[in-house]
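The structure under discussion appears below in the form of C-alpha cells.
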Amino acid sequence: MTRLVAFYPRTWRDRYEDEFLALLAERPPDQVDRIDIVRGAIDARLHPQVQGSPAAHETPALGGPWPVRVGWLTLTGGVLWVAALVVAINSPIVIYETYRDAAPSMVTYRDAAASMPLFFAAITLLGVGLIALTLQLPETARAARAAVYLSSMAGLLWAFAPWFLLAGLIGFAGLLVVAFAAWRAGRWSSVELGILVTGVGLGWGLLLTGASGLWGPPTPDPDIQFLVVVPLVAAWVVVGTSLARVPRRVVSLDPPDA
Numbered sequence: 006m007t008r009l010v011a012f013y014p015r016t017w018r019d020r021y022e023d024e025f026l027a028l029l030a031e032r033p034p035d036q037v038d039r040i041d042i043v044r045g046a047i048d049a050r051l052h053p054q055v056q057g058s059p060a061a062h063e064t065p066a067l068g069g070p071w072p073v074r075v076g077w078l079t080l081t082g083g084v085l086w087v088a089a090l091v092v093a094i095n096s097p098i099v100i101y102e103t104y105r106d107a108a109p110s111m112v113t114y115r116d117a118a119a120s121m122p123l124f125f126a127a128i129t130l131l132g133v134g135l136i137a138l139t140l141q142l143p144e145t146a147r148a149a150r151a152a153v154y155l156s157s158m159a160g161l162l163w164a165f166a167p168w169f170l171l172a173g174l175i176g177f178a179g180l181l182v183v184a185f186a187a188w189r190a191g192r193w194s195s196v197e198l199g200i201l202v203t204g205v206g207l208g209w210g211l212l213l214t215g216a217s218g219l220w221g222p223p224t225p226d227p228d229i230q231f232l233v234v235v236p237l238v239a240a241w242v243v244v245g246t247s248l249a250r251v252p253r254r255v256v257s258l259d260p261p262d263a
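Printed below as a string of C-alpha cells:
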C-alpha cells in the first residue's frame, strides 16, 4: 500500500501520509479503493492544493471573475493563432524572377498579408494572459515579473514584424521563465509545464532549423514554414486553461499566527 501512496506529490505526503496510512491500516482497501487512491494521486499532481515551498504561501491565488475571463480570451487567441496559419497556408503563391551574379532565378513565397491581423491579435491575447498569470504569482517571483515585461514588448514587436525571429524568441523565452515560476509556486502542475515546454521547444526548434537553411530552398508549395509553428499553440492552451478554470486556494502548511 505504501507503493500506492508514493504516487502522491511529496508535499501531500509530508502532511497526510502518516494519517492516511493509519486509516488504511484500520480498514484495508479493496480493489475499488485502490483505483480511487491512484485516481486521487493523479488529481493531486494535476491540481496541487498543498505546497511546501515558502513562496507558495506568501500570496493566495487572486479571486474574482477576471482571471477566468482573461483565460477564455487567451484561449480565443489560440484559436486566432490556428486561424492565422490556415489563412497563411491558403494565401496566394507569388513567383517572381530575380538576378544574382547575372544569372536569373525564380523566387517563390506565399503572400500571407491577410493573416497578419489574426497573428497580431493572437500574440496580443497571449501577452494579456501572461500578464494575468504573473499577477497571480507570489511577490517573490521577481524574475517572472521582469520577464513578463520583456516578453510582452518583444512579443508585440514580433507581432508587427513576424520575420524578426529574435523578438519572437525573446518573447517565448520570457514565457518559459513565467511558466517555471508558476510551477514552483504551485499554480501549474508538472503536466502543464511539460506540455508548454514541449510545444514551445518543438515549435521554435523547427522554426529556427528551417530559418537556418537546413531545409533547403522553398518549393512551389512552401507551406511547411507555417506548419512548423503549430506546436506553439500549446502556449495559448496551457496559459488559457490555467486561468479559465476555477482557481483553487493554496493551503498553507504553516500554522496560523496566534
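Sequence positions in the sequence shown follow this note's numbering and run 6 to 263. We put the beta carbon where it would ideally sit given N, CA and C, even for glycine. For clarity, every value in this text was computed on a predicted model and none was experimentally measured.
For residue i, count neighbouring Cβ atoms within 10 angstroms of its own Cβ and tell me buried if that reaches 16, exposed if not.
i    : result
E31  : exposed
T214 : exposed
I98  : exposed
L197 : Here the sequence assigns Glu to residue 197, which means Leu is not the residue at that position. Buried.
A11  : exposed
W168 : exposed
I40  : exposed
V75  : buried
S194 : buried
I think residue i touches residue j, with their Cβ atoms under 8 Å apart; what is that distance to the nearest whole Å?
i    : j    : result
G82  : L131 : 5 Å
L90  : V233 : At roughly 10 Å, the Cβ-Cβ gap does not stay under 8 Å, so L90 and V233 are not in contact.
V183 : L138 : 6 Å
L201 : A240 : 6 Å
G245 : T79  : 4 Å
For the alpha helix (DSSP H) that residue i lies in, which residues bound it at each end?
i    : result
Y154 : 147-165
A127 : 121-140
L237 : It is not in any alpha helix (DSSP H) - L237 carries neither H nor E in the DSSP assignment.
If you reduce the DSSP assignment to three classes, tell me which class residue i lands in.
i    : result
R32  : coil
V87  : helix
G191 : coil
W168 : coil
P65  : Because the pLDDT of P65 is 43, which lies under 50, any placement of that residue in the model is unreliable, and the number read from its coordinates should be weighed accordingly. Of the three classes helix, strand and coil, the one that applies to P65 here is coil, per DSSP.
S217 : coil
P72  : helix
V43  : helix
Y21  : helix
V242 : helix
Using the DSSP secondary-structure output, state which residues sit across from residue i in a beta bridge.
i    : result
R115 : I98
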